[in-house]
Structure formats: C-alpha cells, structure tokens
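> Below you will find the structure I want to go over with you.
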Amino acid sequence: MSLTTAHSVVAPSGTAKGIAGTIIVAYALISIVPLLWIFATSFKTPPDSIAYPPKIVFQPSIEGYCNLFTTRTRQTPEYINSLGPATGFCDETVRKRNMVIAGPSNFLPRFVNSLIIAFGSTFCAVFLGTLSAYGFSRFKVPLADDLLFFILSTRFMPPIAVAIPIYLMYRELGLSDTALGMILLYTAVNVSLAVWLLKGFIDEIPREYEEAAMIDGYTRLQAFWRTVLPQATTGIAATAIFCLIFAWNEYAFAALLTSGTAQTAPPFIPTIIGEGGQDWPAVAAGTTIFLVPILVFTILLRKQLLRGITFGAVRK
Amino acid sequence: MLNRTAENVARATPEPLARKVRGISDKGLAWLFISPTILLLLAINIFPLFWAIYLSFTNFRANRPNEVVKNLGLANYQRILGDQDIWIAMQTTAHFVFWTILLQTLIGFTLAWLIDRKFRGHAFWTTIILVPMMLSPAVVGNFWRFLYEPQIGLFSYAVSFVTRIPPTDIQMLSNVSLAPWSIIIVDTWMWTPYVMLICLAGLRSIPEYIYEAAEVDRASNWRQFWSITLPMALPFIMLAVLFRGIENFKMFDMVTLLTGGGPGSTTEVASITLKRQAFESWRTGYSSAFAIILFVAVFGLANIYVKALNKVKQR
Numbered sequence: 001m002s003l004t005t006a007h008s009v010v011a012p013s014g015t016a017k018g019i020a021g022t023i024i025v026a027y028a029l030i031s032i033v034p035l036l037w038i039f040a041t042s043f044k045t046p047p048d049s050i051a052y053p054p055k056i057v058f059q060p061s062i063e064g065y066c067n068l069f070t071t072r073t074r075q076t077p078e079y080i081n082s083l084g085p086a087t088g089f090c091d092e093t094v095r096k097r098n099m100v101i102a103g104p105s106n107f108l109p110r111f112v113n114s115l116i117i118a119f120g121s122t123f124c125a126v127f128l129g130t131l132s133a134y135g136f137s138r139f140k141v142p143l144a145d146d147l148l149f150f151i152l153s154t155r156f157m158p159p160i161a162v163a164i165p166i167y168l169m170y171r172e173l174g175l176s177d178t179a180l181g182m183i184l185l186y187t188a189v190n191v192s193l194a195v196w197l198l199k200g201f202i203d204e205i206p207r208e209y210e211e212a213a214m215i216d217g218y219t220r221l222q223a224f225w226r227t228v229l230p231q232a233t234t235g236i237a238a239t240a241i242f243c244l245i246f247a248w249n250e251y252a253f254a255a256l257l258t259s260g261t262a263q264t265a266p267p268f269i270p271t272i273i274g275e276g277g278q279d280w281p282a283v284a285a286g287t288t289i290f291l292v293p294i295l296v297f298t299i300l301l302r303k304q305l306l307r308g309i310t311f312g313a314v315r316k
Numbered sequence: 001m002l003n004r005t006a007e008n009v010a011r012a013t014p015e016p017l018a019r020k021v022r023g024i025s026d027k028g029l030a031w032l033f034i035s036p037t038i039l040l041l042l043a044i045n046i047f048p049l050f051w052a053i054y055l056s057f058t059n060f061r062a063n064r065p066n067e068v069v070k071n072l073g074l075a076n077y078q079r080i081l082g083d084q085d086i087w088i089a090m091q092t093t094a095h096f097v098f099w100t101i102l103l104q105t106l107i108g109f110t111l112a113w114l115i116d117r118k119f120r121g122h123a124f125w126t127t128i129i130l131v132p133m134m135l136s137p138a139v140v141g142n143f144w145r146f147l148y149e150p151q152i153g154l155f156s157y158a159v160s161f162v163t164r165i166p167p168t169d170i171q172m173l174s175n176v177s178l179a180p181w182s183i184i185i186v187d188t189w190m191w192t193p194y195v196m197l198i199c200l201a202g203l204r205s206i207p208e209y210i211y212e213a214a215e216v217d218r219a220s221n222w223r224q225f226w227s228i229t230l231p232m233a234l235p236f237i238m239l240a241v242l243f244r245g246i247e248n249f250k251m252f253d254m255v256t257l258l259t260g261g262g263p264g265s266t267t268e269v270a271s272i273t274l275k276r277q278a279f280e281s282w283r284t285g286y287s288s289a290f291a292i293i294l295f296v297a298v299f300g301l302a303n304i305y306v307k308a309l310n311k312v313k314q315r
C-alpha cells in the first residue's frame, strides 16, 4: 500500500464510486435476467410459459421436468379413466393433459454421454498437457517456440472445417457416433489449451525445488512426481475445469459427428419438442440442469478465469 | 499421500524397467513427455488437414464414396472465388464480426473502467457479470430463441413496453433487417464480459505512481485518461479483440440455433454456409476448398494482428 492511502490524490471520490457501482449493479442485474427467466420458465406449466403478457408471478409446477425425462402419448379420456390410480405427481399431471407416460426420454442418456465424454477428454488432455508443459518448461526442446505455436494454431481452425475430414476418417475407422471418437477429438482440441496454461503454471514453480530433490538422490522423474506435481495442483485443477467446460459446452462437432448413442446434451436439448411446437418448460428444465454445473465451476474458477480465457497470455 | 503412491509405484516397477526409467536422459524424457501430444495433434488435426487439402482438389462427395474421384486442380478454388453466395456469406460474417467487436469493446472497456473505481462489492458483481460467457453458445442460442419470440418472448415484451410498439410487430428472428442484429445482441450479451475481464487486467496493470505523477503535474482527468489509461491498456484491448475476432469469424453454434442462418440467408455466416455445402449438399471437395480458404484467412489475419500487437507492447 502506498503512503497516500489516507488522502490519496488519485483514489476515486465517494460520488464517483457510487455512480460506478450503480451502473455496474444495473448491468449485472439486466444481464442475468435471461438466465433467471429460463430458470423460472422451467417451473411453469406449458400454458403459463407462453402467456401474454409474460407471467412473472405464477403457480410453480414441475411439469417441465416431468416432460423432460419422459415421452408421452395422447390417449382418449375413456382409456385414461380405465387406468388405475396415478403413480406419483408426473403421472397425475400428464393425465390431466389427456396423455400417459410412454417411457423415459433420451435426456438422461444424453446427459450421461456428456459427463463421460467431458470427463474422459479432460482427463486425457490434462494428462498429456501436464507432461508436455513440463517438457517445454524445463528442457531445451529444439524448435520449442515453433512447436508451441503449432500446438496453438490447431485452435485457429473453424470446427466445421476440421469436421469434414474427421467425419470421413471416423467413418472409415468406425469411430462415428462413439464416445471414444468424441473423447479423442475433444482431447485434441483441449490439449492445446492445457499445454499453454500448464506451461505458465509450471514456469512459476522454481526449478530449485527439483534440483534440491535431485541432489537428495531423486531421479528427474521422481522429482517431477514429488515436487512439481504437488505444487502445480491449483494450476492443474484450473486447467481441468477449463477443459471440462469446453467439452461440456461444445456443439459443432457433437452435432455433426454424433447422432444417436454417443450424442451429448447440447445437440439434444434443442430437439425437445412438445405438442404444437417447442415445449418451452421442458427445454428450460433441460437447460437449467445443463447449466448448473457451469455456474458452480465459474464461481470456483473466478480467480483463474482471466488466465484460462487468454491461453495464459494474461496472468494478472 | 503422493509420496506413498510414488514409493509404491517405484517398488512395484520391475527392476530392469526401473533401471531403464531411472537411467533415462533429460533429452529422452523431454521427448517422452512431449511426443504423445504432438502425435495426437498430428493424427486428429494435421492429418485431416492434409486430407482436406487433397479433397479440395477433387470432386469427391462423401455421400457417394464409391463414385470415381476426379482431380479438378484448382477448379474448386476458382468457383468459390466467383460464387456469389460465398461472397454474401463473407459479407454477413464481416458485418457480424465488426459490430460485435465494436460493441463488446466499447461496453466491455466502459464496464472495466467502472469496476476499477473499486466500489464496495465490486468483486461479487463482477462474478455475476461473467456468468454468460461460461455458458454453452448452442444452449444460449436456443434459449434466446424463446426470449425473442414475438409477443410471448421476454425480450419482445420488454422492447414493446419501452417503445410502445405492439409486441407482435417485434419479429427479431423473422424480420430480414432485424435478424442480423438479433445475433449481434446475443453475442454481445454473452461475450462483453470476456472483453471486460481482459480490459480490467489491463487497467489494473497500470501502476498507481503514474497517476500520482500526473496529478502533481496537474493533468486533468480527461488528459490522464487519454494519455495514460488508454495507451497503457491498449495491448490488452487488442488482445481481447484478437481472440474475439478469431472466435466470431468461426461462429457457428450460437447462430445455428438462434436463426439457422435465416430468414433466407440473411444471417448465414461463413461457417453455416460451409456446413450446408459439406453436410447438406455433400459437396465435400468444394467445401474442403472453402474450409482451407477460411483457415488461411483466419491464420493470416491473426498473424498480421499478432505482429501489430507485439509492436504496441514494445512501445
């Protein structure tokens, strides 16, 4: 802290702070409204969700969530009356709309696919990225700058441009619409981020630690395992979360290379259709469930965010 | 705990292998560590790229793999450069990139400058502002379609509430002149926080003593802003513009789900044209050529821009 803290000549005045604060709070509130609206819509009934004027106060319902997890068929009232008593809330709600639950929807499997592919590719990308970053950080690698630039340049390609040959290649190799194919692809995309971020983190760990360990009789590999890795845990965790978010959010590859068994949630959510157009409460419910992990991660990551989004170029 | 794991691994390793691993030179270890990444990128990124280059000289169609493939030389490239639709898509992309970057830089820098006043609770509100940029662009595009619905959508309702235009007339997604702005609004909503965050880092990197010196010299606030704040934050602003420029040039997911390129082709940015050519018309060779042109364009522009950025940094 400088000596001028008490009567700083440059510190903003109270009024300036007040005005700045008001504008920022207003912007934050307005920008968060769309998300709150989606969250609210997920608890509306289909008629409430398309009411005019838009309903701010409404009777909450979990019909959207029921519709998200089930498929339904329309039946005659006579048939529905002939059935036994409803089992549970969802059943009851659906029957009121002259429908019966036909079975589970594809949402859960798609969500599980997203989890498997995101975690699988993140693990591989961080594993490969940590090794490479350590290699680039500690050893004299010939053409290191060129290799690092090559690793980054793979990010400049538009995903659709990459998808054309990948589509053909996967068709030949039988990797189309498989979790393995998607994990490989996302690993390749994420590894560039992982190498660049982790190199920054490992550069910050003093070499003296390993050198001391090696004087104590450790080999280079043991020194890496026992001194560098424990010190890089924060960096590795932050990198892992960035990779997870990318794989979780990715749409272009998923939409083009998966169609059924390996489809992830982002291409699935827009296909949720109800009777007479899109079933917005169900879409909103799917969106809410899909976004919650991201919100948690954003809060966990807020200190490392800047580094992650600039490939480690800005470190604060 | 890590130590114990390492010891167990060491003990479990058979003697000859252990000797081999221990005896490995630093140079060997460097390659051992780096080569898996390089191999993966060669297999998943570079090999397909070369395949795409090869395909771009042919008339190959992925939906007819058994047809005889003819070598066309540069014909695909010539056709693309003369194709009216491609030029329209490039103009649409340019319009989108220009306006999103302009709005995001202006709003993002202003927000960063305001947050840098360090009012009470600024950290909390900054985190709230950052949320949109972490979301999936596809899911964002999909739920903004709901907000844009005429009459029932929240956006249309809010606009009509303020402007008194009947809400049924606010057809953001189906009106030819409004649709390009609908994608610009969503992109700006989503990515302004990104520019803001980088600008904020720039503002915080300016040492306090420079302002103190300026204050001693009785430089006005206006003068301080133009001769200290802006020039010193410029490399950061340019970095943000570079990243946003590349990302928006490649834009696909958000626009696909919001407008699908429509109405007609008014919001058909380059990636959507590419997708239609490659995966709907199945003109694989032709679209590969277009993909190569796009890649070279992004790569070239980014290179020129990075050079300019380094010049600014050196100043």
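If you read the sequences in order, they're chains A and B. Just so we're aligned, residue 1 is where the first sequence starts under our numbering, counting upward by one. Just so we're aligned, residue 1 is where the second sequence starts under our numbering, counting upward by one. Beta carbons: idealized from backbone N, C-alpha and C, even for Gly.
Do the segment 70-79 of chain A and the segment 110-122 of chain A make contact, defined as three or more Cβ pairs closer than 8 Å?
no
> Here's the rule I'm using: 16 or more other beta-carbon atoms within 10 Å means buried, otherwise exposed. How should Ala20(A) be labelled?
buried
> Examine chain A for any beta-carbon lying closer than 9 Å to the beta-carbon of Gln84(B), and answer yes or no.
no
> Between which two residues does the alpha helix (DSSP H) holding Arg207(A) run?
207-215
> Run the CB neighbour count on Gln278(A), radius 10 Å, all protein chains shown included, and call it buried at 16 or more, exposed below.
Burial call: buried.
> Around the C-beta of Gly300(B), are 16 or more other C-beta atoms found within 10 angstroms, so that it is buried, or is it exposed?
exposed
> For Gly82(B) and Thr284(B), what's the separation of their Cα atoms in angstroms?
18 Å
> Starting from the C-beta of Leu197(A), find all residues in its chain whose C-beta is less than 6 Å away, skip the five residues before and the five after it, and write them out in chain order.
Thr239, Gly312
> Which residue's Cα is closest to the Cα of Glu250(A): Phe290(A), Ile236(A), Ala223(A)?
Checked all of Phe290(A), Ile236(A), Ala223(A); the closest Cα to Glu250(A) is Phe290(A).
> From the DSSP output, in three-state form, read off Gly262(B) for me.
coil
> Measuring alpha carbon to alpha carbon, tell me which of Val292(A), Leu257(A), Ile245(A) ends up nearest Gly120(A).
Of the listed residues, the one whose Cα sits closest to Gly120(A) is Ile245(A).
> At a CB-CB cut-off below 9 Å, which residues of chain B make contact with Thr234(A)?
Within 9 Å Cβ-Cβ: nothing; Thr234(A) doesn't reach chain B, min ~15 Å.
> Check whether the segment 48-59 of chain B and the segment 165-172 of chain A are in contact - that is, three or more C-beta pairs closer than 8 Å.
yes
> Return no unless some Cβ of chain B is closer than 9 Å to the Cβ of Ala285(A).
no
> Does the segment 298-305 of chain A come close enough to the segment 129-136 of chain B to have 3 or more Cβ pairs within less than 8 Å?
By the Cβ rule, the segment 298-305 of chain A counts as touching the segment 129-136 of chain B, because three or more pairs are nearer than 8 Å.
> Are the beta-carbon atoms of Phe96(B) and Ile237(B) separated by less than 9 Å?
no
> Once you ignore the five residues that flank Ile292(B) on each side, which residues in its own chain have a CB closer than 7 Å to its CB?
Ala52, Ile53, Ser56
> As a quick exercise: from Phe290(B), Val195(B), Ala201(B), Leu42(B), pick the residue whose alpha carbon is nearest that of Val314(A).
Nearest of Phe290(B), Val195(B), Ala201(B), Leu42(B) to Val314(A), Cα basis: Ala201(B).
> Please list, in chain order, the residues of the segment 272-293 of chain B that have any C-beta partner in chain A closer than 9 Å.
Ile272, Leu274, Lys275, Ala278, Phe279, Thr284, Ser287, Ser288, Phe290, Ala291, Ile292
> Would you kindly work out how many angstroms separate the C-alpha atoms of Phe58(A) and Asp48(A), rounded to a whole number?
7 Å
> Using three-state DSSP, classify Gly103(A) as helix, strand or coil.
In the displayed model, Gly103(A) falls within a strand according to three-state DSSP.
> Looking at C-alpha atoms only, which residue of Gly73(B), Tyr77(B), Ala123(B), Arg145(B) is the closest neighbour of Val255(B)?
Ranking the options by Cα distance to Val255(B), first place goes to Arg145(B).
> Would you mind telling me which residues of chain A sit closer than 9 Å to Leu103(B), beta carbon to beta carbon, in chain order?
What Leu103(B) touches in chain A: nothing, since even the nearest Cβ is about 13 Å away.
> For Gln317(B), which of helix, strand or coil comes out of DSSP?
In the structure displayed, chain B extends from 1 to 315; residue 317(B) sits before or after that span and is not available.
> In the DSSP assignment, find the unbroken alpha helix (DSSP H) run with Arg276(B) in it and report its ends.
270-279
> Reducing DSSP to helix, strand and coil, say where Gln278(A) ends up.
strand
> Note down, in chain order, every chain B residue with its Cβ under 8 Å from the Cβ of Ala16(A).
The answer, in chain order, is Arg117.
> Taking all protein chains shown into account, do 16 or more other C-beta atoms lie within 10 angstroms of the C-beta of Arg120(B), making it buried, or fewer, making it exposed?
exposed
> Going by DSSP in three states, Thr71(A) sits in which element: helix, strand or coil?
Strand.
> Where are the alpha helix (DSSP H) runs, 4 residues long or more, that stay fully inside the segment 175-233 of chain B, in chain order?
179-204, 208-216, 221-224
> What residues in its chain sit with their C-beta under 7 Å from that of Lys210(B), if we drop five residues either side in the sequence?
Strictly speaking, residue 210(B) in this sequence is Ile, with Lys absent from that position. Counting only Cβ-Cβ distances below 7 Å, and skipping sequence neighbours, we find Ile228.
> Which class does His7(A) belong to by DSSP, given the choice of helix, strand or coil?
Note that His7(A) scores 45 on pLDDT, short of 50, meaning its location in the model is unreliable and no value can be drawn from it.
> With 16 other CB atoms within 10 Å as the buried threshold, where does Val162(B) fall?
exposed
> How would you list, in chain order, the residues of chain A whose beta-carbon sits under 9 Å from the beta-carbon of Ala138(B)?
Contact note: Ala138(B) reaches chain A through Asn249, Glu250, Tyr251, Ala252, Ala254, Ala255, Pro266, Pro267, Ile269, Pro270, using a C-beta cutoff of 9 Å and chain order.
> Which same chain residues end up closer than 6 Å to Phe155(B) when comparing Cβ atoms and leaving out the 5 residues on each side of it in sequence?
Leu147, Tyr148
> Taking the straight line between their C-alpha atoms, what separation do you get for Thr233(A) and Phe33(B)?
18 Å
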